[in-house]
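Residue numbers (the numbering used here), protein chains in the order written: chain A, 2 to 296; chain B, 92 to 369.
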Amino acid sequence: MNILKNKQQRTDFIFVMSVLIPIMVLFTIIRFIPILQTFGVSFFKKSMIRPERSFIGFENYTYILKDKEFIRSLMNTLFISFFSVTLSVVFGLFLAMQVNNAIIKGMKFWQAVLFIPVIVSMVPSTLMWKMLFDYNFGVVNYVLNVIGLRSIDWINNESIVRWPIVIVGIWKEMGYNMMIFFVGLKAVPHELYESADIDGATKSQKLWYITLPQIKPITLFITVMSFIKFIKVFTQAFVMTSGSQSSGNIFKTLVYYIYQQGFTFHSMGRASAASMVLLIIVFVLTWFQMRLSKD
Amino acid sequence: MKMNVRRNTGVDYILLIPFFLLVFVAIFPLFWMLVTSFKTPEEFSAIPLTVFPVNWFKGNYIKIFTDRYFPRYFLNSVVMASVVTVVAVASSTFVGYIFAKFKFPGKNIFFYAILITIMVPFESFIVPLFGFVRNMNAMNSYWGLIFPSVISSFGIFFIRQNMEQIPDALLEAAKIDGAGNYYTFFKIVVPLSISAISVLSILLFLIEWSSYLWPLLIATKREWFVLEIGLTLLQDEYFIDYGVMMAGCAVAMIPVFILFLFFRRHIMDGIAMTGIKG
Numbered sequence: 002m003n004i005l006k007n008k009q010q011r012t013d014f015i016f017v018m019s020v021l022i023p024i025m026v027l028f029t030i031i032r033f034i035p036i037l038q039t040f041g042v043s044f045f046k047k048s049m050i051r052p053e054r055s056f057i058g059f060e061n062y063t064y065i066l067k068d069k070e071f072i073r074s075l076m077n078t079l080f081i082s083f084f085s086v087t088l089s090v091v092f093g094l095f096l097a098m099q100v101n102n103a104i105i106k107g108m109k110f111w112q113a114v115l116f117i118p119v120i121v122s123m124v125p126s127t128l129m130w131k132m133l134f135d136y137n138f139g140v141v142n143y144v145l146n147v148i149g150l151r152s153i154d155w156i157n158n159e160s161i162v163r164w165p166i167v168i169v170g171i172w173k174e175m176g177y178n179m180m181i182f183f184v185g186l187k188a189v190p191h192e193l194y195e196s197a198d199i200d201g202a203t204k205s206q207k208l209w210y211i212t213l214p215q216i217k218p219i220t221l222f223i224t225v226m227s228f229i230k231f232i233k234v235f236t237q238a239f240v241m242t243s244g245s246q247s248s249g250n251i252f253k254t255l256v257y258y259i260y261q262q263g264f265t266f267h268s269m270g271r272a273s274a275a276s277m278v279l280l281i282i283v284f285v286l287t288w289f290q291m292r293l294s295k296d
Numbered sequence: 092m093k094m095n096v097r098r099n100t101g102v103d104y105i106l107l108i109p110f111f112l113l114v115f116v117a118i119f120p121l122f123w124m125l126v127t128s129f130k131t132p133e134e135f136s137a138i139p140l141t142v143f144p145v146n147w148f149k150g151n152y153i154k155i156f157t158d159r160y161f162p163r164y165f166l167n168s169v170v171m172a173s174v175v176t177v178v179a180v181a182s183s184t185f186v187g188y189i190f191a192k193f194k195f196p197g198k199n200i201f202f203y204a205i206l207i208t209i210m211v212p213f214e215s216f217i218v219p220l221f222g223f224v225r226n227m228n229a230m231n232s233y234w235g236l237i238f239p240s241v242i243s244s245f246g247i248f249f250i251r252q253n254m255e256q257i258p259d260a261l262l263e264a265a266k267i268d269g270a271g272n273y274y275t276f277f278k279i280v281v282p283l284s285i286s287a288i289s290v291l292s293i294l295l296f297l298i299e300w301s302s303y304l305w306p307l308l309i310a311t312k313r314e315w316f317v318l319e320i321g322l323t324l325l326q327d328e329y330f331i332d333y334g335v336m337m338a339g340c341a342v343a344m345i346p347v348f349i350l351f352l353f354f355r356r357h358i359m360d361g362i363a364m365t366g367i368k369g
């Protein structure tokens, strides 16, 4: 019996290692090393195309923090994140409540319809909205003209194009938030509403004193999750503002800044320093979220 | 008591107005994409605007399918997304299993090392990763497109959480009956986790189908572009032919919509459950 157990342990050990070794090798090559390299290279002056490098301490960090383009990219990113997150959370909650209340039939169907934008890839989503916001042929300007307003150049003006970019984000995110809120609303104990009914509470009282406090943790969770997602915003901003109909004024976000430093200016050091800023923001948000979920 | 729960007031019905407004916003771009894809350039630029095409013009789709590169973009996307999904799901299933059901030295260290990479955004280490792939001469190849995504730390975590629910007694019984590790894995563990595995497969496919930044870096030749890149190139003329572009978008969405049609519950519950995507 003892021998059998040892044999079993040995075959188990071989099985575990045959799975673990290849996966850890892969993780080392395509995750651990690149992550450590990002950290390391951020202290070096290193070109993307030439192998030599020289240690310069925090110079890349001081460069990007003084770089107006970097600050602008960061501000743009925070702007997009703030409005995309808050509005998609508010809309998501509202939609989930309506679906949950189900005062008319067929809410399951409308829920599925509302979910469709979530699965549509980012590039087609952005292109569809770009068409709707087109200066000459867009439906949005057409409606503005019909009600007697002038057309707006939505795409080529940096301070205006941020709104179509925010709208793409909300459009894709609200159905997602709706699903999570929907699960959260279903989990609110029914007895709370029943006892409130006995006490003669009105609907708005029930909303204010039961529903909202009950889903507060999930709301915080969704908000931080969305923030982590939108801090990485790149595709919708890049696709919306590149191409022939745009002036070439690409709406720069943090990830775009990394992309530009690394792949246009070939400065690996500065790109890595900017990457570290992104990483730190995401870590702080993640830490915040972990603290929230502990409470 | 139940009677009290359902007492709808006027306010409830008024709230349906913003609700259906948002439904309209959700669906309108897709609707407009479809009708525009059947319009000639003259028609979508005409004033007054037509909603439905006067003649359902099929030229845009013909142009897409006879384009020199578009079918190739489609193929590249299919290959990239499918291979990534299959390999990442397979590796996550094996690795999730050993972390759920085996004891070995250093288990926690390995697990937390994998777990911590969930938090690290892909965008933050693309620069060195790109350097690595370029040094491997893997630019403009499926290898380069696929390689960085074949592991999923989220997938490992998700599968492990699911497999921990499998009772140990079941696996013990199989071992006493003389089943080997691979036999137990394929005949007992995988069938019991099939719903988690399919949720993960669909999510990874959707994520990979929409990936943009990495293919943008890796493919510099047209024959290696994926759909997401190819679509943006349809605007690379002086005049954006929205008809052709929307036909391209519609075609690019077909696989996603097929998945949604068949696995709607899986996708919606899966996404709500896992809280990832993106």
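Where a beta carbon is used, it is the ideal one built from N, C-alpha and C, also for glycine.
Being a predicted model, the structure only gives us computed values, none of them experimental.
8 Å Cβ cut-off: residues of chain B touching residue i
{"i": "R32 (chain A)", "result": "T208, V211, F216, I242 and S244"}
{"i": "V20 (chain A)", "result": "F185, V186, Y188 and I189"}
Per-residue contacts from residue i into chain A (C-beta, under 9 Å)
{"i": "R355 (chain B)", "result": "A113 and F116"}
{"i": "W123 (chain B)", "result": "M129, M132, L133 and V140"}
Cα-Cα separation, residue i to residue j
{"i": "K93 (chain B)", "j": "M364 (chain B)", "result": "Here the model assigns K93 (chain B) a pLDDT of 44, short of 50, so the residue's position is not dependable, and the following value carries that caveat. Distance between the alpha carbons of K93 (chain B) and M364 (chain B): 30 Å."}
{"i": "N390 (chain B)", "j": "S227 (chain A)", "result": "The structure shown has nothing for residue 390 (chain B), since chain B only spans 92 to 369."}
{"i": "N228 (chain B)", "j": "Y303 (chain B)", "result": "20 Å"}
{"i": "S301 (chain B)", "j": "F238 (chain B)", "result": "16 Å"}
{"i": "W164 (chain A)", "j": "N231 (chain B)", "result": "35 Å"}
{"i": "V121 (chain A)", "j": "K230 (chain A)", "result": "16 Å"}
{"i": "V96 (chain B)", "j": "I104 (chain A)", "result": "Residue placement at V96 (chain B) is poorly supported in this model, since its pLDDT is 49, which falls under 50; the coordinates are not used for a value here."}
{"i": "M2 (chain A)", "j": "E255 (chain B)", "result": "Because M2 (chain A) sits at a pLDDT of 49, beneath the cut-off of 50, its placement in the model cannot be relied upon, and the point is left open."}
{"i": "F40 (chain A)", "j": "L66 (chain A)", "result": "17 Å"}
{"i": "A197 (chain A)", "j": "P214 (chain A)", "result": "14 Å"}
{"i": "V80 (chain B)", "j": "I309 (chain B)", "result": "Residue 80 (chain B) is absent from the structure shown; chain B starts at 92 and stops at 369."}
{"i": "K368 (chain B)", "j": "D200 (chain A)", "result": "At K368 (chain B), the pLDDT of 37 sits below 50, so the modelled position is not reliable; the number obtained from the coordinates is stated separately. Cα to Cα, K368 (chain B) sits roughly 42 Å from D200 (chain A)."}
{"i": "V114 (chain B)", "j": "E192 (chain A)", "result": "31 Å"}
{"i": "S377 (chain B)", "j": "W305 (chain B)", "result": "Outside the displayed span of chain B (92 to 369) sits residue 377 (chain B), for which this structure offers no information."}
{"i": "L186 (chain A)", "j": "K8 (chain A)", "result": "52 Å"}
{"i": "S244 (chain B)", "j": "I282 (chain A)", "result": "20 Å"}
{"i": "S240 (chain B)", "j": "N226 (chain B)", "result": "18 Å"}
{"i": "F110 (chain B)", "j": "G334 (chain B)", "result": "30 Å"}
{"i": "Y203 (chain B)", "j": "F216 (chain B)", "result": "19 Å"}
{"i": "P196 (chain B)", "j": "A265 (chain B)", "result": "24 Å"}
Contact list for residue i against chain B, beta-carbon separation under 9 Å
{"i": "M241 (chain A)", "result": "Ordered by position in chain B, no residue passes the 9 Å Cβ test against M241 (chain A), which lies about 10 Å from the chain."}
Neighbour list for residue i in chain B, Cβ cutoff strictly below 7 Å
{"i": "G263 (chain A)", "result": "V218"}
{"i": "I36 (chain A)", "result": "V211 and F216"}
Buried/exposed call for residue i, threshold 16 Cβ in 10 Å
{"i": "K233 (chain A)", "result": "buried"}
{"i": "A172 (chain B)", "result": "buried"}
{"i": "A260 (chain B)", "result": "exposed"}
{"i": "D144 (chain A)", "result": "For the record, residue 144 (chain A) in the displayed sequence is Val; it is not Asp. By the 10 Å Cβ count, V144 (chain A) comes out exposed."}
{"i": "D268 (chain B)", "result": "exposed"}
{"i": "N99 (chain B)", "result": "exposed"}
{"i": "G235 (chain B)", "result": "buried"}
{"i": "T141 (chain B)", "result": "exposed"}
{"i": "P139 (chain B)", "result": "exposed"}
{"i": "G58 (chain A)", "result": "exposed"}
Cβ pair residue i, residue j closer than 9 Å
{"i": "V167 (chain A)", "j": "I81 (chain A)", "result": "yes"}
{"i": "F1 (chain A)", "j": "L94 (chain A)", "result": "The structure shown does not extend to residue 1 (chain A), since chain A spans only 2 to 296, so no value can be given for it."}
{"i": "G244 (chain A)", "j": "F45 (chain A)", "result": "no"}
{"i": "G139 (chain A)", "j": "W155 (chain A)", "result": "yes"}
{"i": "L318 (chain B)", "j": "F165 (chain B)", "result": "yes"}
{"i": "V124 (chain A)", "j": "T242 (chain A)", "result": "no"}
{"i": "I128 (chain A)", "j": "L125 (chain B)", "result": "Note that residue 128 (chain A) is Leu in the sequence shown here, rather than Ile. No; because the gap between Cβ atoms is not below 9 Å, this pair is not in contact."}
{"i": "S250 (chain B)", "j": "L283 (chain B)", "result": "It should be pointed out that residue 250 (chain B) corresponds to Ile in this sequence rather than to Ser. No."}
{"i": "Y194 (chain A)", "j": "S74 (chain A)", "result": "no"}
{"i": "F201 (chain B)", "j": "F190 (chain B)", "result": "yes"}
{"i": "S182 (chain B)", "j": "I247 (chain B)", "result": "yes"}
Within chain A, the residues that residue i reaches when beta carbons sit closer than 7 Å
{"i": "M336 (chain B)", "result": "L128"}
Near the ligand MN: residue i beta-carbon under 8 Å from a heavy atom
{"i": "E255 (chain B)", "result": "Among the components of this structure there are no ligands whatsoever, and the ligand MN is therefore not found."}
Cross-chain neighbours of residue i in chain A, by beta carbon under 8 Å
{"i": "D103 (chain B)", "result": "N102, I104 and K204"}
{"i": "L140 (chain B)", "result": "V140 and Y143"}
*Positions along the region 114-140 of chain A whose CB lies within less than 9 Å of some CB in chain B*: The region 114-140 of chain A vs chain B, Cβ under 9 Å: V114, L115, F116, I117, P118, V119, I120, V121, S122, M123, V124, P125, S126, T127, L128, M129, W130, K131, M132, L133, D135, N137, F138 and V140.
*Residues in the region 168-189 of chain B with C-beta within 8 Å of chain A's C-beta atoms, listed in sequence order?*
S182, F185, V186, Y188 and I189
*Residues, ordered as in the chain, of the region 255-285 of chain A that lie near chain B by beta-carbon distance below 8 Å*: V256, I259, Y260, G263, F264, M269, A272, S273, S276, M277, L279, L280, V283 and F284
*In chain order, what residues of the region 265-286 of chain B put their CB closer than 8 Å to some CB of chain A?*
K266, G271, N272 and Y273
_Closer than 8 Å between beta carbons: that is the criterion. Which residues of the region 158-191 of chain A meet it against chain B?_
W172, M175, G176, Y177, M180, I181, F183 and V184
*Taking Cβ-Cβ distances below 8 Å as the criterion, which residues of the region 191-206 of chain B are in contact with chain A?*
Cβ contacts with chain A come from F193, F195, F201, A204 and I205.
*Which residues, in order along the region 206-226 of chain A, keep a beta-carbon less than 9 Å from a beta-carbon of chain B?*
F222, I223 and M226
*Mind checking the region 68-102 of chain A against chain B and listing, in chain order, the residues whose C-beta falls within less than 8 Å of any C-beta there?*
Listed by position, the residues of the region 68-102 of chain A near chain B (Cβ gap below 8 Å) are F92, F95, L96, Q99 and N102.
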